[in-house]
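Asks:
Numbering (this note's numbering), first residue to last: 116 to 488.
1. Please report the residue range of the beta strand (DSSP E) in which residue 451 lies.
2. If we count the other Cβ atoms within 10 Å of its Cβ and call it buried at 16 or more, is residue 164 buried or exposed?
3. Hey, out of 226, 162, 161 and 205, whose CA is closest to residue 189's CA?
4. Identify the continuous alpha helix (DSSP H) that holds residue 235 and give its terminal residues.
5. Tell me whether residue 241, by its Cβ, gets closer than 7 angstroms to a heavy atom of the ligand ATP.
6. Using a Cβ distance threshold of 8 angstroms, determine whether the segment 343 to 359 contacts the segment 369 to 383, with at least three qualifying pairs required.
7. By the three-class DSSP mapping on this structure, what secondary structure does residue 217 have?
8. Count Cβ pairs between the segment 170 to 190 and the segment 264 to 273 that sit closer than 8 angstroms; are there 3 or more?
9. Which residue wins for smallest C-alpha separation from residue 142, given the options 158, 343, 128 and 438?
10. Check whether the Cβ atoms of residue 252 and residue 477 lie closer than 8 angstroms to each other.
11. What's the call for residue 357, buried or exposed, on a 16-neighbour Cβ count within 10 Å?
12. Can you tell which of 203, 234, 228 and 259 has the C-alpha that lies nearest to the C-alpha of residue 218?
13. According to DSSP, is residue 202 part of a helix, a strand, or is it coil?
14. Would you call the segment 144 to 155 and the segment 307 to 323 in contact, with 3 or more CB pairs under 8 angstroms?
15. Ends of the alpha helix (DSSP H) at residue 188?
16. In this structure, does DSSP put residue 414 in helix, strand or coil?
17. Please list, in chain order, all residues of the same chain as residue 167 whose beta carbon is under 7 angstroms from its beta carbon, the five residues on each side excluded.
18. Quick check on residue 249: does DSSP put it in helix, strand or coil?
19. Are the beta-carbon atoms belonging to residue 490 and residue 119 less than 8 angstroms from one another?
20. Can you tell me where the beta strand (DSSP E) with residue 471 in it begins and where it stops?
21. I believe residue 238 touches residue 282 by the beta-carbon criterion, under 8 angstroms. Please report the beta-carbon distance rounded to the nearest angstrom.
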């Protein structure tokens with residue numbers, strides 16, 4: 116299929132620029148960032164390649180239609196006018212999600228019901244099918260209604276792209292894989308330089324850095340919803356996947372390391388590194404408190420996601436940890452320190468204003484990424 120689709124890559128707020136740059140790096144055309152995502156144009160083969168290789172975006176969609184919708188009849192007409200036969204073979208489960216923001220249509224459940232009725236009526240009017248068992252693969256349709264502008268999209272990714280497949284347990288303070296990759300990218304670290312996470316937990320930052328350093332596509336070990344769409348049955352998904360194998364030497368020492376005081380978390384980190392397809396010996400882990408940590412290399416980057424101290428009882432412990440991070444940075448004067456935190460008192464506790472700051476979201480929690488040169 117050589118059709119070029121209007122597409123949309125969703126992302127967390129603050130990461131649109133990273134998504135845009137990565138799409139351009141993949142030679143994708145008509146890339147344009149907006150709040151919450153990036154618009155672009157791509158063929159079906161390119162869409163699959165994008166799903167495989169994107170480090171920072173949440174999901175990749177085909178935009179099927181958009182218009183102003185003030186009433187449910189407007190929404191029904193918009194959905195009905197889409198040619199669903201291209202994506203529907205007869206028994207797919209019609210899975211509609213919806214988000215409504217500052218619009219006259221503010222009931223996601225009602226929008227879902229109206230849209231599903233429109234899809235079924237359109238298929239019924241253009242085929243002889245009258246029964247819809249919905250026993251097959253999911254047809255994941257996503258609707259956004261923002262400021263009365265409705266957008267009907269088909270989710271080509273399925274589950275969020277942050278679900279790489281290597282993480283079996285999240286730990287006490289889970290960090291989404293896409294955000295971890297963003298922390299690595301925004302830190303200024305590049306493969307070949309030392310990187311250490313002094314609060315590595317179950318190893319998400321280390322795994323994302325290792326995937327970047329090895330050149331392995333982050334989505335290589337998972338499947339995507341578009342692989343089940345009838346109109347894409349002629350796409351050589353297996354060939355495209357095999358072409359995405361890393362060209363770099365994944366067995367070399369990546370100069371990536373981590374430490375933590377929790378031995379159980381370190382055991383999970385080792386498992387996650389193996390499950391990410393990274394040779395365990397290329398990422399070094401140690402059971403040591405950051406107060407005792409001393410690196411024997413220079414010009415490296417510390418990246419960490421320490422506890423935020425959201426509960427009042429934990430705040431003093433966390434702020435002492437921030438002071439210890441400052442002392443760690445003082446012991447390594449050629450290293451850069453990068454820390455993400457939602458604590459508004461972080462800089463005061465750390466003891467110094469950051470050289471750079473970037474607002475990011477860890478789930479729904481607004482955070483700041485502090486970078487100390």
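Using N, Cα and C, we set each Cβ at its ideal position, and we do this for glycine too.
Replies: The relevant details are as follows:
1. 451 to 456
2. The residue in question, residue 164, is buried, as its Cβ has 16 or more Cβ neighbours within 10 Å.
3. 226
4. 223 to 241
5. This structure does not include the ligand ATP; it has no bound ligands of any sort.
6. no
7. The DSSP-derived three-state label of residue 217 is coil.
8. These segments touch.
9. For the set 158, 343, 128 and 438, the Cα lying nearest the Cα of residue 142 is the one of 158.
10. no
11. exposed
12. Looking at 203, 234, 228 and 259, the one whose alpha-carbon comes closest to that of residue 218 is 259.
13. coil
14. no
15. 187 to 195
16. coil
17. Answer for residue 167: 332, 334, 335, 356 and 359, listed in chain order.
18. Three-state result, residue 249: coil.
19. As shown, the chain starts at 116 and ends at 488. That puts residue 490 outside it, with no answer to give.
20. 471 to 477
21. Not quite, the Cβ-Cβ distance comes to about 38 angstroms (not below 8 angstroms), so this is no contact.
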